[in-house]
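Below is one structure, written out as structure tokens; the observations come after it.
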Amino acid sequence: MHLAGQFVRRILQGVVVVLITTFLIFSILRIVPGDPVRLIVGGMAPDNLVEEIAQKMGLRDPIPVQFGRYLSQVVQGDLGNSYQRPKNGMMGQGGDFNANMDVEMAEVSDLILERLPYTLQLAGLALLISLIISFPLGISAGLKPKGFMSKIAFFISSIFVSIPNFWLGIVLALFITIKLGLLPSIGYQNFAYTILPAIVLAVETCPFIIRTISVSFAEISQEYFIKSGKVRGLTRNGVIYRHTLRNASIPLLNLLGIQLSTLLGGVIVVEYIFDYPGLGQLTIYAVLQRDFPLIQGIAMVTSALYVGLNIAVDLITYSIDPRLES
Amino acid sequence: MKLEDSSLSKKIFYDSWQNNFFKFSVIFFLFICLFAFIYPEISAIKAEKMNIKSKFLPPIFFEGFSWTHILGTDQLGRDMLMRCLVGLRFSLIIGFASVFIMLLFGCLVGIISGFKSSWVDVIIMRITDAQLSIPMVILAISILGVSRPNLASIILVLALSGWPLYARVSRSMALIERDKEYVRGARILGANDFRIIFFLVIPIILPPIAFVSVLDIARMMIFEAILGFLGLGVQPPTPTFGNIIADARKYLINAWWIATMPGIFLVITLVTLNFIGSTLEKSKNKIFGEGI
Amino acid sequence: MSKKIKFSRRKFMKFMAKSGLGAAALTSAPMLNHNFLYNSAFAASGKPLIFAAAEALTGNWDPTTHTNLGQLIFESYVFGYLTRCPMKPENPTQLNFELATEATEIDKFTLEFKLRDGVTFHNGKPFGAEDVKATYEYGSQPDRPAQWYPGQVDVEVVDRLTVRIKTEKYGYPAGLFYYLSSFLPILSADDVANPNNAASRPNGTGAFKFVEQDGDNTIMEANENFFMGKPKIPRVQYNFVGDTATRTLGLLSGEYNVTERLEPEQVDTIVANGGFALNQAVSTENKYLWFRCSKPPFNDINMRKAVAHAIDREGLLDILGISGTYTGCHVSPVKFGYTDVEGFPEYNPDKCQEYLAKAGFPKGKGLPELEYITSVGFYPKTKEYGEYITALLNEQGIPVKLSVLELGAWGNKLYDREGGGPGHMIDCGWCTGSPEPDLVIRTHFHSSSKRITGIVDADIDAALDKERNAPSVGEREQILKTEVMPLLVDKMPSVPLFGSVFIHAMANDVKDLYIYPNGMMSAETASIG
Chain W
17 MHLAGQFVRR ILQGVVVVLI TTFLIFSILR IVPGDPVRLI VGGMAPDNLV
67 EEIAQKMGLR DPIPVQFGRY LSQVVQGDLG NSYQRPKNGM MGQGGDFNAN
117 MDVEMAEVSD LILERLPYTL QLAGLALLIS LIISFPLGIS AGLKPKGFMS
167 KIAFFISSIF VSIPNFWLGI VLALFITIKL GLLPSIGYQN FAYTILPAIV
217 LAVETCPFII RTISVSFAEI SQEYFIKSGK VRGLTRNGVI YRHTLRNASI
267 PLLNLLGIQL STLLGGVIVV EYIFDYPGLG QLTIYAVLQR DFPLIQGIAM
317 VTSALYVGLN IAVDLITYSI DPRLES
Chain Z
1156 MKLEDSSLSK KIFYDSWQNN FFKFSVIFFL FICLFAFIYP EISAIKAEKM
1206 NIKSKFLPPI FFEGFSWTHI LGTDQLGRDM LMRCLVGLRF SLIIGFASVF
1256 IMLLFGCLVG IISGFKSSWV DVIIMRITDA QLSIPMVILA ISILGVSRPN
1306 LASIILVLAL SGWPLYARVS RSMALIERDK EYVRGARILG ANDFRIIFFL
1356 VIPIILPPIA FVSVLDIARM MIFEAILGFL GLGVQPPTPT FGNIIADARK
1406 YLINAWWIAT MPGIFLVITL VTLNFIGSTL EKSKNKIFGE GI
Chain R
62 MSKKIKFSRR KFMKFMAKSG LGAAALTSAP MLNHNFLYNS AFAASGKPLI
112 FAAAEALTGN WDPTTHTNLG QLIFESYVFG YLTRCPMKPE NPTQLNFELA
162 TEATEIDKFT LEFKLRDGVT FHNGKPFGAE DVKATYEYGS QPDRPAQWYP
212 GQVDVEVVDR LTVRIKTEKY GYPAGLFYYL SSFLPILSAD DVANPNNAAS
262 RPNGTGAFKF VEQDGDNTIM EANENFFMGK PKIPRVQYNF VGDTATRTLG
312 LLSGEYNVTE RLEPEQVDTI VANGGFALNQ AVSTENKYLW FRCSKPPFND
362 INMRKAVAHA IDREGLLDIL GISGTYTGCH VSPVKFGYTD VEGFPEYNPD
412 KCQEYLAKAG FPKGKGLPEL EYITSVGFYP KTKEYGEYIT ALLNEQGIPV
462 KLSVLELGAW GNKLYDREGG GPGHMIDCGW CTGSPEPDLV IRTHFHSSSK
512 RITGIVDADI DAALDKERNA PSVGEREQIL KTEVMPLLVD KMPSVPLFGS
562 VFIHAMANDV KDLYIYPNGM MSAETASIG
């Protein structure tokens, strides 16, 4: 009963957060310079036509009015249609005059759902790689804070956190894909194209995970039940895996919740470099083309993912260790 | 726990200073800064000077190099060393300025939020939640978008995208300080919230956070490079790491050094900064406790 | 003519000879002689042709709505033209007949085309005189955004397979359509009657049929009913790949068969790698620095000349390497009427200062900050030479700020508007699939069109009208060379920076793909492997 109430409260809070996010992005897009209508009708169209179409689209109404209209649409499950991408075509470019175009535009939800699996695949693989690297380093650093492995972990974290993802991406593409021909990485044909981008992302996230693991292992290994475990005659390794791992997973889960937006931010850059057809690449083009409905849709989906994941993390945390309810 | 802020800062710094690597990093970092700010001014070679005839010169000791350009030249025959140094200069300015602003703004908002546990607090915390839920890159490119950004707007955008974390940390610290003896005492003596926040609480809360923010300077420098790479950074002809690397991308196969040199410069600077930051953070944790 | 320019000119001639040879070696079969190939049966070879293109299509398939070069390339696969003009350097004005079989000049204002029998559109409807009439009359309307036509036309249907192009009512000679016929894709009369159909899917008579749009890939398949027989290549994909490095990498790794708009360094890489053929040809495209002539400060001819004298075009060619070639007037060297204009402004700081002083801005003092807009991602080296030109102008005291825009944003700032287009100078090229010079100079400099510059100048108008109305081709050429081109150089509404050399690279197993100097293609007899 208590848990259910807590859950409902969190969900409501989450909805408020997503609403604020959407409103922030919605207003920012309309305040900063860059008229989407100019991009829709093309460079040759006269200014009065731009004005006319903008009014027809409701883009000259006050922002709260526009936002209300948008929300009432979203409530019905409709994220709107892209300004720039026709249903079955590519975006217009150059000085084209498309005002009289009667082509149906792609639905934002379709565009996002189409790209999301690619991004999840990339992010998932990246997470897997960084966990594989981080666990041994983090655990050994955590158990012996003054030991050699601890120094190694510290150095690797400092170096990884200092490498800009786009630069690493370019350098890896040059050496691994072009010079050595080991792994393909530009565009997407099959799963192999995910590996290199995932490595770049993993390098970006590793330092945070190493740190979290080592800190929580250092803390937990001090705690009483490890000592009591020794008293009971269990081996050291047995204790680590039985108790510590389970308890260390709590800060780790929390970290994943917080780091999700960093991970998604990295995805944008990495996808752009590797021409990987995921959500990140879609975002960049959407922003450059001032495709308002698409940017709003993406922001709303990312924010909902973040909020949802954090609620899930809290619930899991609670089920692992009910003492940590907060 | 009644602590003078100056002694606390000194303690943290002194603890870090015991570490030889920290000493070395600080000295090295100061050296890099001096080099970046002074050398381009006194050198005969100017960063923006083009010489089409000597484009694509490799760094020294590679076939066809020239002693005049020890790191080689770029696609327009400009000296890579100078461009890297000027790029570093902008990178440092942007990193320090944006972190300074986000630190001040974030802490101020956080402390006010912590002291006014009412609807102000709720609103501010929901806004930070919302902002943390959007990747910084989306936020930044939405704002910078198609407009041509300048130095000030980039610093503001970076600061804007980083303040929520500071607000949260300082809020949680303010919540602790609020109930402490000295605050109550000051209140009894008739000090208002404004006085208490500015003269009592900020001097206690800010220093430990400031030490940790060194790590954020490095993050902001990377972030600035990312924006430059996406074409949303400081505009040419001003060289920044991001735009040098972005432009040099297509020459990677033929002239690898143009994209690689600024990358190495950036990585070395950031590693130094991160060492400094991490060591300070460790010392702070030792003295002040975890959780910031 | 200065010594410097002479040197460039020599270099250019040498280059022409080289590229001519290159192109000839690559396209050994005289593949455009359609009559010759008419009955040959083509064996199908299975591989698709994947073309990595530098420009995205517009999403509106009506050819009269855009000036998008990428889409012109796409149209060259899907649509038919009355004629095709390969514009080979050794014979730039040779015409091959496609949907037409014969062209006759009846009188100054009437041009007759006999049409090919037995051709059908992709939707199954037979091609005939009505379609030509509908297309030409529709496309020549002044409100069509593409504006390739010199003026309106009437088309008389003589019989099912004969049309007469009539221009008397509009006061210019019909002979202009002789070369234009190779550039205007023929639509079906039904689609013209219902432009929404024309916009929603392309329906031509070309060798390839449009199948679908899959993201940034446009998929076409061989047209079984193509009048020359079904092409050997079963499928063609037009893939938009915005980044040149990605295009190069994709070609090297075998993901694409053909790619375009390569830069010199990438060409080096491809050559070093081996296994690829290069096609480099002087294109119909000149790149220009366009002035916004309708507003200060470039409404003053002295300012335009000052800038022209501040630009070191030799340096530009050094930056461009094999991607650029010398140009001596406002049309490309492969265009009809090209000439090296005597006294073309050379790089000369003293003269620049002289003109600046005349304009009332000695040493650039008093000038506001001028915005110079350029694009990235499509044209080679725009940012590099943009920075170079900016530095040169700053050296002369002209305060210029370079704005490097992403292609879409740049396209939206390109054209003239009321009160002058955005910024003060903008970089752009102009590329058309015909040797016809009016497609450039009339489009841009006549007050009825004034696309980018917004220039309104009675002298230029008069010269352009005189040239268009010339009684014979020979006289027209004379007027172009001795009056129009020198006048344009004198008024300098834009600075012709250099002529573009188009570099395509294709895998060695791609055979008999012909690439026109504007980038359009013929793949009807091409094969892979």
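Residue numbers (my numbering), protein chains in the order written: chain W, 17 to 342; chain Z, 1156 to 1447; chain R, 62 to 590. Don't be surprised by glycine CBs; every beta carbon is placed ideally from N, CA and C. In this text the structure is predicted, and so the values were computed from the model without any measurement.
Going by other Cβ atoms of all chains shown within 10 Å of its Cβ, with 16 needed for buried, is residue i buried or exposed?
{"i": "Pro423 of chain R", "result": "exposed"}
{"i": "Ser146 of chain W", "result": "buried"}
{"i": "Trp1411 of chain Z", "result": "buried"}
{"i": "Ala367 of chain R", "result": "buried"}
{"i": "Glu536 of chain R", "result": "exposed"}
{"i": "Ser88 of chain W", "result": "exposed"}
{"i": "Gly1219 of chain Z", "result": "exposed"}
{"i": "Gly290 of chain R", "result": "buried"}
{"i": "Ile202 of chain W", "result": "buried"}
{"i": "Val465 of chain R", "result": "buried"}
{"i": "Ile229 of chain W", "result": "buried"}
Anything in chain R within Cβ reach of residue i, meaning under 7 Å, just list it in chain order.
{"i": "Leu153 of chain W", "result": "Within 7 Å Cβ-Cβ: nothing; Leu153 of chain W doesn't reach chain R, min ~33 Å."}
{"i": "Gln305 of chain W", "result": "Gly469"}
For a contact meaning CB atoms closer than 9 Å, what does residue i contact in chain R?
{"i": "Leu55 of chain W", "result": "Gly469, Ala470, Gly472 and Asn473"}
{"i": "Leu1231 of chain Z", "result": "Ile380, Glu445, Tyr446, Glu448, Tyr449 and Ala452"}
Using a beta-carbon distance below 8 Å, is residue i in contact with chain R?
{"i": "Gly203 of chain W", "result": "yes"}
{"i": "Asp1402 of chain Z", "result": "yes"}
{"i": "Met1205 of chain Z", "result": "yes"}
At a CB-CB cut-off below 8 Å, which residues of chain W make contact with residue i?
{"i": "Leu310 of chain R", "result": "Ala189, Thr193, Ile194 and Ile202"}
Quick one: what's got a C-beta closer than 6 Å to residue i's C-beta in the same chain, skipping five residues either side?
{"i": "Ala195 of chain R", "result": "Ala250 and Val253"}
{"i": "Ser1253 of chain Z", "result": "Ile1310, Leu1313, Ala1314 and Met1375"}
{"i": "Ala302 of chain W", "result": "Leu310 and Ile311"}
{"i": "Gly282 of chain W", "result": "Asn181, Leu217 and Glu220"}
{"i": "Tyr134 of chain W", "result": "Pro293 and Gly294"}
{"i": "Met117 of chain W", "result": "At Met117 of chain W the pLDDT is 48, less than 50, meaning the model places this residue with poor confidence and gives no usable figure here."}
{"i": "Pro187 of chain R", "result": "Thr181"}
Could you name the residues of chain R that residue i contacts, counting a contact when the two beta carbons are closer than 8 Å?
{"i": "Arg1238 of chain Z", "result": "Going along chain R, no residue has its Cβ under 8 Å from Arg1238 of chain Z, so there is no contact; the nearest lies around 12 Å."}
Between residue i and the ligand FAD, is the CB less than 7 Å from at least one heavy atom?
{"i": "Gln132 of chain R", "result": "Absence of the ligand FAD is noted for the structure shown, with no ligands found whatsoever."}
Does any residue of chain Z have a CB that is nearer than 8 Å to the CB of residue i?
{"i": "Val33 of chain W", "result": "yes"}
{"i": "Asp329 of chain R", "result": "yes"}
{"i": "Thr386 of chain R", "result": "no"}
{"i": "Val610 of chain R", "result": "Nothing about residue 610 of chain R can be reported from this structure: the residues present for chain R run from 62 to 590 only."}
{"i": "Val90 of chain W", "result": "no"}
{"i": "Ala70 of chain W", "result": "no"}
{"i": "Leu463 of chain R", "result": "yes"}
Using beta carbons (cut-off 8 Å, strictly below), is residue i in contact with chain W?
{"i": "Gly1418 of chain Z", "result": "yes"}
{"i": "Pro1290 of chain Z", "result": "yes"}
{"i": "Gly1446 of chain Z", "result": "Here the model assigns Gly1446 of chain Z a pLDDT of 48, short of 50, so the residue's position is not dependable, and the following value carries that caveat. Not closer than 8 Å to any Cβ of chain W, the Cβ of Gly1446 of chain Z fails to qualify, so no."}
If I measure Cβ to Cβ from residue i and keep anything under 7 Å in the same chain, skipping five residues before and after, which residues do I get?
{"i": "Tyr239 of chain R", "result": "Ala164 and Leu172"}
{"i": "Gly50 of chain W", "result": "Arg306"}
{"i": "Glu341 of chain W", "result": "Note that Glu341 of chain W has pLDDT 45, beneath the 50 cutoff, so the model's placement of it is unreliable and no number is given."}
List, in chain order, every chain W residue whose beta-carbon is nearer than 7 Å to that of residue i.
{"i": "Thr604 of chain R", "result": "There is simply no residue 604 of chain R to check, as chain R begins at 62 and stops at 590 in what is shown."}
Identify the contact partners of residue i in chain Z, using a Cβ-Cβ distance below 8 Å as the criterion.
{"i": "Glu326 of chain R", "result": "Lys1405, Tyr1406, Ile1408, Asn1409 and Ala1410"}
Review point. Unbroken alpha helix (DSSP H) runs of length 4 or more, entirely within the segment 169-242 of chain R: which are they?
Key: 190-200 and 238-241
Exercise for review: Enumerate, from N- to C-terminal direction, the unbroken beta strand (DSSP E) stretches of 3 or more residues contained entirely within the segment 103-131 of chain R.
Suggested key: 110-114
Point to revise | Every unbroken beta strand (DSSP E) within the segment 1287-1361 of chain Z, with a cutoff of 3 residues, ordered by chain | key: none
Review point. Mind pulling the alpha helix (DSSP H) runs of 4 or more residues that sit fully within the segment 137-225 of chain W?
Key: 164-178 and 181-188
**Study point:** Contiguous alpha helix (DSSP H) assignments of at least 4 residues, all confined to the segment 267-298 of chain W
**Key:** none
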